[in-house]
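The next block holds one structure in the form of structure tokens; read it before the comments.
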Amino acid sequence: MLFGGFVLITLCALGVRTLVPPDEGRYAEIGREMFASGDWITTRLNGIKYFEKPPLQAWMNALTFTLFGLGEWQARLWTGVCGILGVVMTAWAGRVVFSPRVGLYAGLVLASTLFWLASGQINSLDMSLSGMMATSLAAVLIAQRDGATTGQRRAWMLVAWAAMALAVLAKGLVGVVLPGAVLVLYGAAARDWRVWTRLHMGKGLLLFVAIAAPWFILVAQRNPEQPHFFFIHEHVDRFLSPGHQREGPWYAFIMLLLPGMLPWLGWLPHALAEGVKRAPGRFQPRLLLLIWFVFIFVFFSMSSSKLPGYIVPVFPALALLTALCLDAAGRRPHMVAAALLALVGAVLVVAVPVALATGAGAAGSAPHSLRSYQPWLMFAGCILLVGGCLAWFHAARGRRDPTVLTMAVAGFLATHLIVAGFEVYGKDRAGTALLPAIRAELTPSTKLYAVGRYEQSLTFYLGRPAMLVEYVDEFAFGLQQEPRLALSGLDEFVALWRRDAAAGLPSMAIASPALYDRLRQRGVPMRLVARDGRRLVISNQLTKGLP
Numbered sequence: 374m375l376f377g378g379f380v381l382i383t384l385c386a387l388g389v390r391t392l393v394p395p396d397e398g399r400y401a402e403i404g405r406e407m408f409a410s411g412d413w414i415t416t417r418l419n420g421i422k423y424f425e426k427p428p429l430q431a432w433m434n435a436l437t438f439t440l441f442g443l444g445e446w447q448a449r450l451w452t453g454v455c456g457i458l459g460v461v462m463t464a465w466a467g468r469v470v471f472s473p474r475v476g477l478y479a480g481l482v483l484a485s486t487l488f489w490l491a492s493g494q495i496n497s498l499d500m501s502l503s504g505m506m507a508t509s510l511a512a513v514l515i516a517q518r519d520g521a522t523t524g525q526r527r528a529w530m531l532v533a534w535a536a537m538a539l540a541v542l543a544k545g546l547v548g549v550v551l552p553g554a555v556l557v558l559y560g561a562a563a564r565d566w567r568v569w570t571r572l573h574m575g576k577g578l579l580l581f582v583a584i585a586a587p588w589f590i591l592v593a594q595r596n597p598e599q600p601h602f603f604f605i606h607e608h609v610d611r612f613l614s615p616g617h618q619r620e621g622p623w624y625a626f627i628m629l630l631l632p633g634m635l636p637w638l639g640w641l642p643h644a645l646a647e648g649v650k651r652a653p654g655r656f657q658p659r660l661l662l663l664i665w666f667v668f669i670f671v672f673f674s675m676s677s678s679k680l681p682g683y684i685v686p687v688f689p690a691l692a693l694l695t696a697l698c699l700d701a702a703g704r705r706p707h708m709v710a711a712a713l714l715a716l717v718g719a720v721l722v723v724a725v726p727v728a729l730a731t732g733a734g735a736a737g738s739a740p741h742s743l744r745s746y747q748p749w750l751m752f753a754g755c756i757l758l759v760g761g762c763l764a765w766f767h768a769a770r771g772r773r774d775p776t777v778l779t780m781a782v783a784g785f786l787a788t789h790l791i792v793a794g795f796e797v798y799g800k801d802r803a804g805t806a807l808l809p810a811i812r813a814e815l816t817p818s819t820k821l822y823a824v825g826r827y828e829q830s831l832t833f834y835l836g837r838p839a840m841l842v843e844y845v846d847e848f849a850f851g852l853q854q855e856p857r858l859a860l861s862g863l864d865e866f867v868a869l870w871r872r873d874a875a876a877g878l879p880s881m882a883i884a885s886p887a888l889y890d891r892l893r894q895r896g897v898p899m900r901l902v903a904r905d906g907r908r909l910v911i912s913n914q915l916t917k918g919l920p
């Protein structure tokens, strides 16, 4: 019943928000174009070759669009399923390797951890990768446990190899490099080099290659330029070189881990300490979990490119270590963790209106979207405050199961409120308020331009690409291969715009305010169709009235 409620709420929440650019709109649009074109090999965005990432997310989105139609929950279904899969595999590993209670606690912890739960509600590659990596971690733990039979070890290691292959198809070589490096470090730390003899590498590598290799071979045959761009630029250059507008200080992920671990932040020091405890027998699962967390965390902290979702794969390991602490700890640590949760909730309730008031005083007025987000954050804070107090009450009386369940429910509900409330800001980012005005005039024969900006989400909602004008960014490599898919500059756009206007051929453009002002200064004939604070929509048809 508890698991059913988790799955039902998680899946139902997938469709309550607009697809927020850039990531959600981008990956939804790649899947939509794959679905519309029927080409499942050459991935494209806005009709332009797009090889920054492998195709698993696009395949799954295209499949859900085929089965259920276009929509927001369909675009997020794969990430939601991956989040649920990660919880199931983590709980099962805890049950098999440690005990049924540890398995239950591990599932509760991961299902309510802010970063994991929120990532499962976002259409990006982070949860696609993390769900597969969680599966590989769980499978290795189950396969390598001391009590595993030969058949169990072989079967679960094949699951691990398959999951790593899917992780590679989700986000690239990190899907196999990170687990492989963890095993090397584990073998050295545990002095268990014989673990390499228990990996079934012969069958495993064959299965890995059978799953991961075909797309790379086919896409390289059709696009000879893809391998160098994908393997060198997107892996080596992105890791080593700044300039991707994703830089951050070395401690960036530490600052993200603390809120990301809620509502279990109070257990983080205990979980890390748990990893150094030695278990009886040959295999040391606690040590493997600790190395999984530390290595992946440090690996991405060293990268010049940093985004919050990069550290999502560490949370299944932390969930298992936390579950071991929850199972073994006495009353006092439970009380301290519950009190900290209540304190975080109280701070959130108090700090949000204060922060907005300070911002309003400094800038004249707080943005409307932020003011509208305030009640959601405060309500989430109230849930954490009440949940922490109730958990403390149970902990003080030695009720371990109710304490853990109360904290999990509080974190689960608060996270869903935080994510759902983001809609007040997300729809402004996506520009969906402009859709009725655009759709009222956009016909299949209307030319659509993106002038000075590319709207990741609007393109998906409109169901068609736009011709780029004075915009390159992530399309640089694709436009090198197919330069005809964008205009060379503003002069060419103006000439086409004037020519089509004179011929009565309709054109519309989504423009940045700066480009719109430049067009006005040049006396370009245009009519304002709609606008918001971020973008404007114009038409070359001057005879229709303003919307």
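Start counting the sequence shown at 374; every next residue gets the next number (our numbering).
In this text, a Cβ means the ideal position worked out from N, Cα and C, and glycines have one as well.
In this structure, does DSSP put residue i in helix, strand or coil?
i           : result
residue 810 : helix
residue 932 : The question about residue 932 has no answer here: the residues shown for the chain are numbered 374 through 920.
residue 544 : helix
residue 735 : Caution applies to residue 735, whose pLDDT of 45 falls short of 50 and renders its modelled position unreliable; the model cannot decide the point.
residue 387 : helix
residue 381 : helix
residue 925 : Past the boundaries of the shown model lies residue 925; the chain is included only from 374 to 920, so the question cannot be answered.
residue 393 : coil
residue 925 : Because the chain spans 374 through 920 in this model, residue 925 falls outside it and cannot be assessed.
residue 374 : coil
residue 635 : coil
residue 549 : helix
residue 519 : coil
residue 916 : coil
residue 891 : helix
residue 504 : helix
residue 826 : coil
residue 815 : coil
residue 492 : helix
residue 623 : coil
residue 616 : With a pLDDT of 49 at residue 616, under the threshold of 50, the modelled position of that residue is not reliable, and the figure given next carries that caveat. DSSP places residue 616 in coil when its eight states are reduced to three.
residue 776 : helix
residue 906 : coil
Less than 7 Å separating the beta-carbons of residue i and residue j?
i           : j           : result
residue 676 : residue 398 : no
residue 693 : residue 662 : yes
residue 685 : residue 666 : no
residue 779 : residue 482 : no
residue 543 : residue 502 : yes
residue 722 : residue 639 : no
residue 403 : residue 848 : no
residue 660 : residue 533 : no
residue 746 : residue 797 : yes
residue 794 : residue 749 : yes
residue 774 : residue 475 : no
residue 668 : residue 558 : yes
residue 689 : residue 452 : no
residue 430 : residue 498 : yes
residue 325 : residue 387 : Beyond the ends of the chain as shown, which are 374 and 920, falls residue 325; an answer cannot be given.
residue 537 : residue 573 : no
residue 702 : residue 761 : no
residue 772 : residue 656 : no
Using DSSP bridges, identify the partner residues of residue i.
i           : result
residue 911 : 882 and 901
residue 820 : 880
residue 554 : In DSSP, residue 554 forms no bridge with anything.
residue 860 : 842
Worksheet item: Below 8 Å, can you find three or more Cβ-Cβ pairs linking the segment 430-443 to the segment 408-418?
Response: yes
Item to complete: Could you tell me which uninterrupted beta strand (DSSP E) segments, each at least 3 residues in length, are contained entirely in the segment 404-481, listed from first to last along the chain?
Response: none
Worksheet item: What are the start and end residues of each continuous alpha helix (DSSP H) run of 4 or more residues lying completely inside the segment 558-603, in chain order?
Response: 574-595
Practice prompt. Say whether the segment 386-404 touches the segment 806-823, bearing in mind that this needs 3 or more beta-carbon pairs closer than 8 Å, one atom from each stretch.
Written response: no
Worksheet item: Which ranges does the beta strand (DSSP E) cover as unbroken runs of at least 3 residues, wholly within the segment 675-700, from first to last along the chain?
Response: none
Worksheet item: Do three or more CB pairs link the segment 489-507 to the segment 456-469 at distances below 8 Å?
Response: yes
Fill in: Stretch pair the segment 458-470 + the segment 438-446: three plus CB contacts closer than 8 Å
no
Worksheet item: Can you find at least 3 beta carbon pairs, one from the segment 787-801 and one from the segment 744-757, that sit closer than 8 Å?
Response: yes
Discussion item. When you compare the segment 516-531 with the segment 488-500, are there three or more beta-carbon pairs, one atom per stretch, that lie closer than 8 Å?
Written reply: no
Worksheet entry | Contact the segment 471-491 vs the segment 627-643: 3+ CB pairs below 8 Å | Output reads yes: the segment 627-643 touches the segment 471-491.
Item to complete: Could you tell me whether the segment 859-875 touches the segment 887-903, where touching means 3 or more Cβ pairs closer than 8 Å?
Response: Output reads yes: the segment 887-903 touches the segment 859-875.
Worksheet item: Counting pairs of Cβ atoms below 8 Å between the segment 807-821 and the segment 566-573, do you hit three or more?
Response: no
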